[in-house]
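**Student:** These protein sequence lines are chains B and R, in that order. Heads up: the first sequence begins at 577 in the working numbering, then just goes up one per residue. Heads up: the second sequence begins at 34 in the working numbering, then just goes up one per residue.
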Amino acid sequence: MTIDKIISDLSPRKFGKLGVIWTVVLIIVSTLGVISYIRQLNGGLAVTGLRDYAFWGIYISNFVFFVAISLVGSLVTSILRLSGAKWSIPITRISEIIAVSAIIMAGLTIIVDMGRPDRLWHLFVYGRLQSPIIWDVLVITTYLFVSVMLLFFPLLPDFALLKTKFNGSTFLKKWYGKLSLNWSGTSLQHRKYNQAIKYLSIMIIPLAFGIHTVTAWLFATTFRPGWDSTNFGAYFVAGAFVAGAGGVIATMFILRKTYGLQEYITDDLFDKMGKLLAMLCLLYLYFNINEYLIPAYKLKKEEEIHLYSLLFGHYATLFWSVIVFGLVLPVVVIATPKGRKPLPLFIISILVVVAAWWKRFLIVAPTLLHPFMPKQGIPESWTEYSPTYDEWAITIGTLAMALLIMTFLVRVIPIVPIQEFKEYITEKENEKA
Amino acid sequence: MKHPNKSINKECSPDSCGCQNDKPDGFEQKLNKPINRRGMFQQLTASLLTGAGLVNSSCSVTATDDKREKKQLEWEEYFKGNYRLMSDNEKQDTVKRLERLYELNNGNHASISSEQPSENVLFGYAFNISKCQGYMDCVNACVQENNQDRNSQMQYIRIHEHQNGQINFDLADDDFYHEVPAAGHFYIGTQCFHCENPPCVEVCPVKATWKEKDGIVVIDYDWCIGCRYCMAACPYDGRRFNWATPEIPTEEINKDQHYLGNRLRKKGVMEKCTFCIQRSRKGNNPACVDACPTGARIFGNLLDPNSEIRWVLDNKKVFRLKEDLGTEPKFWYFMD
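1) How many whole angstroms separate the CB atoms of R:TYR262 and R:PRO238, which I take to be in contact at a CB cut-off of 8 Å?
2) If you reduce the DSSP assignment to three classes, tell me which class R:GLU148 lands in.
3) Using DSSP bridges, identify the partner residues of R:GLU304.
4) At the level of alpha carbons, what is the spacing between B:GLY649 and B:PHE799?
5) Could one say the Cβ of R:TRP276 lies closer than 7 Å to chain B's Cβ atoms, at least one of them?
6) Is it the case that the Cβ atoms of B:LEU856 and B:ALA821 are separated by a distance below 7 Å?
7) Does B:VAL600 pass the burial test, meaning 16 or more other C-beta atoms within 10 Å, or should it be called exposed?
8) Expressed to the nearest angstrom, what Euclidean distance is found between the alpha-carbon atoms of B:THR685 and B:THR791?
9) Taking only the alpha-carbon atoms, compute the straight-line gap between R:ASN179 and B:VAL643 and give it to the nearest angstrom.
10) Tell me whether R:LYS113 is buried or exposed, calling it buried when 16 or more other Cβ atoms sit within 10 Å of its Cβ.
11) Quick check on R:ARG130: does DSSP put it in helix, strand or coil?
12) Give a yes or no on whether the minimum CB-CB distance between R:ILE258 and chain B is below 7 Å.
13) At 7 Å on the CB atoms, spell out the chain R contacts of B:THR959, in chain order.
14) State the DSSP-derived secondary structure class of R:LYS355, mapped to helix, strand or coil.
15) Say whether chain B places a C-beta atom closer than 7 Å to the C-beta of R:PHE219.
16) Mind checking whether B:SER707 and R:VAL250 have CB atoms under 7 Å apart?
17) So does B:LYS833 have its beta carbon nearer than 6 Å to some heavy atom of the ligand GTP?
18) Can you give the Cα-Cα distance for B:PHE846 and B:TRP711, rounded to whole angstroms?
19) Given a cut-off of 7 Å on the beta-carbon distance, is the pair R:VAL228 and R:GLU361 in contact?
20) My guess is that R:PHE156 and R:GLY248 are in contact by the Cβ rule of under 8 Å, so how many angstroms apart are they, rounded?
21) Which value, in whole angstroms, describes the spacing of the CA atoms of B:ALA932 and B:VAL940?
22) Taking just the CA atoms, how far does B:PHE829 sit from B:GLN838?
23) Quick check on the burial criterion: 16 or more other C-beta atoms within 10 angstroms. Buried or exposed for B:ILE645?
24) Does the beta carbon of B:GLY786 sit closer than 7 Å to a beta carbon anywhere in chain R?
25) Could you tell me the distance, in whole angstroms, from the CA atom of R:VAL351 to the CA atom of R:CYS321?
26) Figure out for me which residue from B:THR943, B:ILE665 and B:MET977 has the closest Cα to the Cα of B:SER885.
27) Determine which residues of the stretch 225 to 240 of chain R have a Cβ less than 8 Å from any Cβ of chain B, and write them out in chain order.
28) Does any residue of chain D have a CB that is nearer than 7 Å to the CB of R:LYS300?
29) Is the beta carbon of B:ILE841 less than 7 Å from the beta carbon of B:LEU921?
30) Considering only C-alpha positions, which residue in the set R:ASN295, R:TRP256, R:LYS129 and R:SER120 is nearest to R:LYS103?
31) Could you spell out the range, first to last residue, of the alpha helix (DSSP H) harbouring B:ILE923?
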């Protein structure tokens, strides 16, 4: 493949009809979310289905979901990069795009849950380090910063290429020039650039573990049955990798299809990502068994009530669907070679992502409905949690906003790293020769 | 900042009241700094918000004097510091502002106290299970005293009707509408237990809730960000959240108020039982104690060897709920 072909294939392209419709739909859904949020600002959190029992709901589970998805950036760009798995190069950009948009939305989602968003600045100016919420604030802002750098640094050579060779709008071309920061590809620049990326890749691993472990600790530091677990940090991190890998596969498939990138995002890449996903599912399954079997063996009174509602009671259908469709089925399907073809894998990955969202819901809501000192004989609005329209609109709005950020980035930057891909392909061809 | 959790707790415990003066630690820094930072924030935000509603009406020539004064007061209130770190003068100032705001909003005067904890006082509470008959007078008295939201029927106290033979909160009835006492049942009241080692205070990200020197766990309603993490941390169902703006008919408002107690709350903040801080700091009993027709509720100073509560602790076999958690509630149950 010549460099010119690579550039013309991978340069950002104008959206077709489908792309425009997609963007408009996302904007409409996001706007509905904003309208509902304004209603919430005026009426207070009373517009949600949250009450004294389930005082955290889909806002918090949605937040945990975003944090989980964002972990994929570190998995693909950093863990795979450092372990020398070069095959992941074509999807590093995609996973960083997912990571950046998810972590931005994680930060915004948590504000939606606050009773007094006008006092958000108290967190930054008067935060006390002893509170896990402040750990989360610290680690998420740091992760956002490092993720943005990990997205931006590898873009430098691409921007420099596009500065001269881009055929689209002159406006974008001008910006590529500015953003390339005078990259000219000298050996000194290359050395510094490789060094920077390496340091960032190393830095982001503890940070990525940090964001999700701390988010798990947010729950695990309380006495509540179902949250009071030493397994929680690792359990959350494993689950996050599953959700992230699912997210990347789904995005890969859609981008490959719309942009015709079969030569770049190959079937072989799907095969490898499929195997990775299956492995991560098994890992998460292990932690799930750990998380439920041990309390189920001892069956402390409060744990019993909580576990019963999950395994056999009110949440049983949801619980088992999540386990079967989000964890067991993917492993079974991926175990067959046909299951690792792009289309079946795409369907599986969508299942995994949807199940991952509901899994977070199952972690947050049922626990709150079974406190130590339950109040009996009270209205159902207390003991049951069903999110209201406004709550759903805001939550789906945040998901749409995340997709909107991704869509914007896909529109303006090359979704497969041009320079890195060229080096990778030359190396591969040399090996063959 | 080197101090871990524990030193902050000590700061509020009765035996080490002077530790703010001991050495220039994190507190000293916090005591001094916020004024500058607040000032900076005030200016920053003011310049950012120029033209926005708040500034607009406070500077507007067409707005009435009252309206302008109100906006001005709200503006100053928004940028005040954390009550816990205020000097006496600052406390006086904010109380004056709040009283004036109350007057502007409701047309009559309410007194808001900023009374400090007394020396050698540590409040404790005992509940006589044998005596409680489930009349619920305590609940009503509490709502009237503490200006809780009437719309959501917020109540600090819950009376659980248990079947004889077991204390099982899963089988208790808390919403009974029958004649009491019901045969074969007994009653246990719960509310905030004002733990010596309160998990809710530990987790607050902005120190909007803390334990006072006299042992009362309080909330600065003007500091709380409404994250509800304290609600998650409390194992006793002791905390309440204002899901909407609390509404109380003006004639029902208790005008004898305390900054940390029953002054009117805003939407989106936590609140809870404060042992009626506006009463107990004046040497009175909380409203629930005075309202109880059976004498099941006993309140007093744990450091006073002659107090009734000490007599109960010395002479009765007492227990507390979920003692295994190490929260050390200052709320004991006993039987005759």
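We put the beta carbon where it would ideally sit given N, CA and C, even for glycine.
**Tutor:** So, from the data block:
1) 7 Å
2) coil
3) R:ARG273
4) 32 Å
5) yes
6) yes
7) exposed
8) 14 Å
9) 40 Å
10) buried
11) helix
12) yes
13) Correct list: empty, because the minimum Cβ distance to chain R is about 11 Å.
14) coil
15) no
16) no
17) Among the ligands in the structure shown, none appear at all, so the ligand GTP cannot be discussed.
18) 36 Å
19) The identity of residue 228 of chain R in the sequence shown is Cys, whereas the question assumes Val. Closer than 7 Å, so yes.
20) 5 Å
21) 13 Å
22) 10 Å
23) buried
24) no
25) 20 Å
26) B:THR943
27) PRO232, GLU235, VAL236, CYS237, PRO238, VAL239 and LYS240
28) The question asks about chain D, but that chain is absent: this structure's protein chains are B and R.
29) no
30) R:LYS129
31) 918 to 945
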